[in-house]
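Residue numbers (UniProt numbering): 1 to 563.
Next up, the structure:
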């Protein structure tokens, strides 16, 4: 956002030092400490012979200030430049108004395609808190790439194939209920899965039945596939309801079952590269010299394994989508599996082998409902909504003003869960704490939503209309300038986030912005102020609300306007 000022500084410093402008501009950045200025130039990066501290002093003395660059101060090897507050404010707020929901976006990824594979639950197992992490982190990464101009494809690669589905089919024949399956397929299939596993502990021959059933599936036996297909279709329909509640859309629903001739082709490539070994009738790749153990590709009965299907899927995806990058958003427990996959793709010398990326994350600890059982995602979301509803009802007057309080409580509950999840670096395990996440006053999702709703309320109740040409020179308060500077940093925050793929960068930023806004309420008022001053302040708050709303949307949340 400060490009025009950087260019002006670089031009004059170049004239004073003889250093090319293209060398100077990258050395200028936002000042970490705004006590001395708004922009700082790192003098050693200019590669001028001599003492950097003395060079900084000399340049400061010779630099000519004007009504835009109003001051220059040397502090050690840094040159600090003060920009006119009015000029900064007008420039930044105009940029926000002009760009609106796309403020901070770039075209850096234009012409490039990325596949983001995330969520990817196993149909036979509960959709739990661990899947939630992949789902919301993956959705953020998908949205972030779109904000940087990438052609992004969101893909849900369902765990829908393997011997466990043979086990599930055998279980359904013994314990299944058609009515329960239709009413809640995911819960019922998990119920069956638990029951058949318990039965198999007593009678190991059940595993042989399961293997036989899965072999029929792999051989294309239609009756076997029909039951499996029904499980899959009913489960996806139920998942889509949950994803809609979370505001998440997938461009592609894929799955291990849909990997077609990629599997035999993968095996053929592996054989040709002399990477396949046999052991007790099974086929494997020995990756021990890379400290990645031995990776089994095919069981002795000829059925494929997860790794083989992933190799086949990678081949098919490149042929279908011609991706420039593919990102797997998968828990850190799968680190070995993804390392094996990426290493095998490299050993096959595939031309796209360097385009694979694993984004991992830690565990959620302490997740339980009131019943203290394993948590289904729907149960977790429902409990969060109910808790938020209870909190909202404590202020009866405000509660009466909320349109569709049940929907708002749901959004707030989701916001509470998502912000707690994203507040720290994703690789960290964290303890799920209901009392902390639902607090309106801490650094929580409800606090951020409250900050946004309060800004919307101010805009609705203002006695003046938004004036894009308001006199911003009237915004003299330090806290108003702090808000402007924070708003100006949003594009840089997005630029940093696309490199780290860490949602915590965005969360920490909007917490700072919300704190600054909160600090301004008493001294930077709109109500009962003169029209010109009220218009300037309203313009500031509208731009702050725009940026806060944009960031919440990027994190996958729906910004609320009333609560």
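C-beta: ideal position from N, C-alpha, C; glycine also.
(request) Within 10 angstroms of the Cβ of residue 450, are there 16 or more other Cβ atoms? Answer buried if so, exposed if not. (result) buried
(message) By the three-class DSSP mapping on this structure, what secondary structure does residue 458 have?
(response) helix
(request) Less than 8 Å between the CB atoms is what I'm expecting for residue 517 and residue 544, so what's the real figure, rounded? (result) 6 Å
(message) What would DSSP say about residue 305, mapped onto helix, strand or coil?
(response) coil
(request) Evaluate residue 145 with the Cβ neighbour count: other Cβ atoms within 10 Å of its Cβ, from every protein chain shown; 16 or more gives buried, anything less gives exposed. (result) buried
(request) Using alpha carbons as the reference points, say which of 229, 61 and 68 lies closest to residue 7. (result) 68
(request) Drop a sphere of 10 angstroms on the beta-carbon of residue 90, count the other beta-carbons inside from all chains shown, and report buried for 16 or more, exposed for fewer. (result) buried
(message) Please determine whether the Cβ atom of residue 356 lies at a distance below 7 Å from any heavy atom of the ligand MG.
(response) For the ligand MG, the structure offers nothing, since it holds no ligand at all.
(request) Determine the DSSP secondary structure at residue 295, reduced to helix, strand or coil. (result) strand
(message) Under 8 Å, with one C-beta from each stretch per pair, do the stretch 415-433 and the stretch 528-540 reach the 3-pair mark?
(response) no
(message) residue 24 and residue 81 - do their beta-carbons sit closer together than 8 Å?
(response) no
(request) Decide if residue 192 is buried, meaning its Cβ has at least 16 other Cβ atoms within 10 Å, or exposed. (result) buried
(request) Would you kindly check if the distance between the Cβ of residue 487 and the Cβ of residue 83 is under 8 Å? (result) no
(message) What residue range does the beta strand (DSSP E) around residue 57 cover?
(response) Where residue 57 is concerned, there is no enclosing beta strand (DSSP E), although the alpha helix (DSSP H) it sits in stretches over 52-62.
(request) Return the chain-ordered list of same chain residues with a C-beta closer than 7 Å to the C-beta of residue 427, the five sequence neighbours on each side being excluded. (result) 332, 360, 361 and 362
(message) Quick check: what's the CA-CA separation for residue 499 versus residue 233?
(response) 37 Å
(message) Please identify the residue among 452, 420, 454 and 529 whose C-alpha is closest to the C-alpha of residue 474.
(response) 529
(request) Assign residue 425 to one of three DSSP states: helix, strand, or coil. (result) coil
(request) Check whether the Cβ atoms of residue 293 and residue 287 sit closer than 8 Å, and answer yes or no. (result) yes
(request) For the stretch 255-264 and the stretch 303-311, state whether three or more C-beta atom pairs, one from each stretch, are separated by less than 8 Å. (result) yes
(request) With distances taken Cα to Cα, identify the nearest neighbour of residue 161 among 464, 219, 546 and 406. (result) 219
(request) Classify residue 32 as helix, strand or coil using the three-state DSSP reduction. (result) coil
(request) Hey, could you find the ends of the alpha helix (DSSP H) residue 284 is sitting in? (result) Careful: residue 284 lies outside any alpha helix (DSSP H), inside the beta strand (DSSP E) at 282-286.
(request) Keeping to the same chain, check which residues put their C-beta closer than 6 Å to that of residue 41; ignore five residues upstream and five downstream. (result) 27, 28 and 79
(request) Please confirm if the stretch 100-110 is in contact with the stretch 132-140, defined as three or more CB-CB distances below 8 Å between the two stretches. (result) no
(request) Assign residue 82 to one of three DSSP states: helix, strand, or coil. (result) strand
(request) Classify residue 1 as helix, strand or coil using the three-state DSSP reduction. (result) coil
(request) Tell me, please, whether the stretch 385-393 touches the stretch 402-412 by the rule of three or more beta-carbon pairs shorter than 8 Å. (result) yes
(message) Could you check whether the Cβ of residue 244 sits closer than 8 Å to any Cβ belonging to chain B?
(response) No chain B is present in this structure, which holds just one protein chain.
(request) Put residue 72 into one of helix, strand or coil per three-state DSSP. (result) strand
(message) In whole angstroms, give me the CA-to-CA distance for residue 553 and residue 223.
(response) 45 Å
(message) If the criterion is Cβ atoms closer than 8 Å, does the pair residue 555 and residue 418 meet it?
(response) yes
(message) Going by C-alpha to C-alpha distance, which of 526, 448 and 95 sits closest to residue 558?
(response) 448
(request) Note down the Cα distance separating residue 501 from residue 173, rounded to an integer number of angstroms. (result) 45 Å
(message) What does DSSP give as the partner residue(s) for residue 113 in the beta ladder?
(response) 151
(request) Give the DSSP-derived three-state secondary structure of residue 371 in the structure shown. (result) Caution is warranted here: a pLDDT of 46 is assigned to residue 371, below 50, making its placement in the model unreliable, and the coordinate value is therefore given only provisionally. Residue state, collapsed to three classes: coil.
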